[in-house]
Amino acid sequence: MELKKWCNKSEELRSEISDEYFKMQVGLEYSKEKIEKLQKTNSELAKTFLKYYTEPKDLYYDSISSQLSEKLSKLMIKFNEYRKKKVSIKINGKDINWTSWRQYVVNAKDQDRKYVFDQFIEKTKYITPIIEETFDTYRKVYKSHNVDVLEPYFYQHKTTYNKLKNVVDELGSSLKKTFQKQFNNYSNELNNRNAEYYDDFYYMRNAVFSKIKTKNKFNSLESIKNRMKILGFNIEKIYVDYKDRKDKYSSPFCESVKIPNDVRVSYKDEDFLNTLGSIYHEFGHAVHFTSIDKNLEYWKKYYCSEALCETFSTFFEELISNKDYLTKELKFKEPEAEDIVKRSKFNELYAMTFYSANSIFKMEYWKQNMTMREANEYYNKMIKKYMGMEIDGRYWQLHHILPESVLYVPSYLLARIRASELKKKLEQMQGNEWYNNKKSGEWLRSLMKPGTESRIASFDNINPEVLIKELK
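To get our numbering, take the position in the sequence shown, counting from 1, and add 677.
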C-alpha cells in the first residue's frame, strides 16, 4: 500500500474512532461494537504499515501500539465503565462516582470529603487489574519491536530522559517549601486546620476561590469565544458540549476528530473562575488544532507532541491570573484581581509540585519495570518528596491521566514553562494587553500552523528558571 493511501485510510479511521470516544466520554449513546470493529481494522492497518515502513517515525511508533488498539480499546471501555459503576458510593442519599467526584467535593463537609476519598482509595481494587493489564500490554508490544516504551515520547519532544528528569526535579524541589507554606495557609482559611491528604488538587483548586463572589458574573463560554475572535481565530469549526450528564467525563477535554475542521470541547461547570480557566484551556487546544495547515502531511497534523499541544492550552488558561485582564476585561476591582492572582498562583504551585511527583513517578515506573504494589509505594514516596504529604499510594490510580497514558504528565510541566516564555515574548512585542491585538493571534498561529514542525516543538533547551522565579 502506498504511504499516501495508507495515511488517508488511517485519518478516516482515526476520525470515526474519535467520534465514538467523544460520545462515550460526554455520556451520549455510543457503540461498543462499532469501536471494536474500527479498532480491529486499525490494528490490521498498523500491521500493514509495520510490514512495509519504518518511517516516518511518528507513524512507526504509533503503529507499534496500534497493533493492539482492539485490545486496548476494550480495556479502556471496561476501565471507564468500572470507574463509573465500581468506584462509586452513596453518601447522604446522594450517589457519587468517579465522574461526579470533583464536583461533589467542592461543597462537601470536611468529614464527608475524607470519607469519600478513603472509600474511593479502597475501591481502586476494582480498577487495578485493568490498569496492570493495559500497561503490561504496552510493555509486551514495544519489547517485541525492540523499542523502549518511553522512546516515542522523547522522540516527539526532542529531548532525553535525563534532561527531562533534571528539569522536573529542579522545578518540583525549588517550589516545595513555598507550596507547603501556602497549602497550610489556605487549608487553615478553609477548614481551620493544616493541610490533610484528602485536600487534593481537584478540591483545592476550586475551594481557594470559594470566598470570591464571582458566580454568574457573565457567560464564560461566550466571553472566551469573543476573545478568540478578537485574536482572529476561526471558532466555527469548534463544537462545545457544556451539558452536565450523569456519565459525562468529569475533566474538561478537547477531541481533535478531524484536523483542522472538526474539533470538539467538553466541560462541566465548576466555580466561575475554574470554569473560565477550563474553557480557556480546552479552547487553547481547539484553536491550535483548527489552525494547523490542512495541507500538511498526515503525521505532521496529528502527531504534535503532548507538551506542544499543552503549551497553547496552558498559555490561554493563564489569562485568568493576569491582573490587567481581570480588571480591564472581566471588570474585577483591583483588590479582587490581586486576590485572584494570588490564589491562582497557589493553584499553580500545587499543580507544579503535584505534577512533578506524578512525572518522576511515571518515568521511574517504566524505567524500573515496577509491579502495581511497587508503583503504589513509590508514588507515596514521590508525593512526600515533592509535596511533603503522606498519601495512600493507590491514589494515582484515581487520576485522569496517570492510569491511562504511557507518560503524558511531564508535558504539563514542559508546557507551563514554554507558555511563560511565549507570554514574555508577546508582552515584549505587543504590550501587557496583547490579548486585544490581532497581531498577537497572527504570531500564535505562525507557531500553530506547521504542526509537528513548529519552531517551538523542541523541549531539549527548556529552562525551568523562568517559571520558578514567577511562582516563588
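Beta carbons are placed, not taken as given, at the ideal position from N, Cα and C, and that holds for glycine.
Backbone secondary structure at residue i - three-state DSSP
| i | result |
| --- | --- |
| I1139 | coil |
| N774 | strand |
| S887 | coil |
| K945 | coil |
| K1126 | coil |
| H822 | coil |
| Q744 | coil |
| S708 | coil |
| A1028 | helix |
| G1065 | coil |
| I804 | coil |
| A723 | helix |
| M1059 | helix |
| Q1045 | coil |
| E1081 | coil |
| N911 | coil |
| T731 | coil |
| N1113 | helix |
| E873 | coil |
| L921 | Contrary to the premise, residue 921 reads as Asp rather than Leu in this sequence. Here D921 sits in coil by DSSP. |
| Y1072 | helix |
| Y936 | It is Ile, not Tyr, that sits at residue 936 in the sequence shown. Reduced to three states, the DSSP call for I936 is coil. |
| K1039 | helix |
| Y815 | helix |
DSSP beta-bridge partners of residue i
| i | result |
| --- | --- |
| K767 | D772 |
| C931 | V942 |
Span of the alpha helix (DSSP H) around residue i
| i | result |
| --- | --- |
| I901 | S897 to I907 |
| T855 | Y838 to N868 |
| Y698 | L680 to Q702 |
| I1133 | From DSSP, I1133 is part of no alpha helix (DSSP H); its letter is neither H nor E. |
| L1099 | P1087 to Q1107 |
| K791 | D787 to E799 |
| E828 | E828 to H834 |
Residue from the options with nearest C-alpha to residue i
| i | options | result |
| --- | --- | --- |
| P1080 | Y880, T801 and K971 | T801 |
| E799 | P937, N1053, A1134 and A1096 | N1053 |
| T731 | Y1063, L680, S765 and K686 | L680 |
| G954 | N896, E913, K978 and K977 | N896 |
| A884 | S1131, K1061 and Y863 | Y863 |
| V934 | K914, N784, D948 and H1077 | K914 |
| F960 | K1005, K902, L985 and A1096 | K902 |
| Y832 | P733, F860, F1023 and Y707 | P733 |
| F812 | Y1055, Y1072 and Y1042 | Y1042 |
| K1061 | F1009, S850 and E1015 | S850 |
| I808 | D1016, Y1112, K890 and W1073 | W1073 |
| K925 | M678, K700, Y880 and D696 | K700 |
| K1102 | L985, L1121, A723 and P937 | L1121 |
| V917 | R691, C931 and W775 | C931 |
| D970 | S1123, P1087, K1019 and F794 | S1123 |
| M1066 | Q796, K853, V845 and Q788 | K853 |
| N709 | R1132, E1098 and E693 | In the sequence under discussion, the amino acid at residue 709 is Lys, which differs from the Asn named in the question. Cα-wise, what sits closest to K709 is E693. |
| Y1085 | P929, W1111, M1040 and E1110 | M1040 |
| F726 | P929, K763, W683 and K767 | W683 |
| D1137 | I1068, K840, S740 and E1110 | K840 |
| G1070 | E974, M1125, S927 and Y875 | Y875 |
| I907 | V1018, N1114, E747 and N999 | N1114 |
| L736 | S746, E747, A723 and F1023 | A723 |
| I712 | Y738, L752 and V824 | L752 |
| K1019 | T1030, S998, K945 and S1036 | S998 |
| S1135 | R790, L1091, Y1112 and M1106 | L1091 |
Residue span of the beta strand (DSSP E) that contains residue i, given as start and end
| i | result |
| --- | --- |
| Y916 | I915 to D918 |
In chain order, which alpha helix (DSSP H) runs of at least 4 residues are fully inside the stretch 960–1019? 975–979 and 983–994
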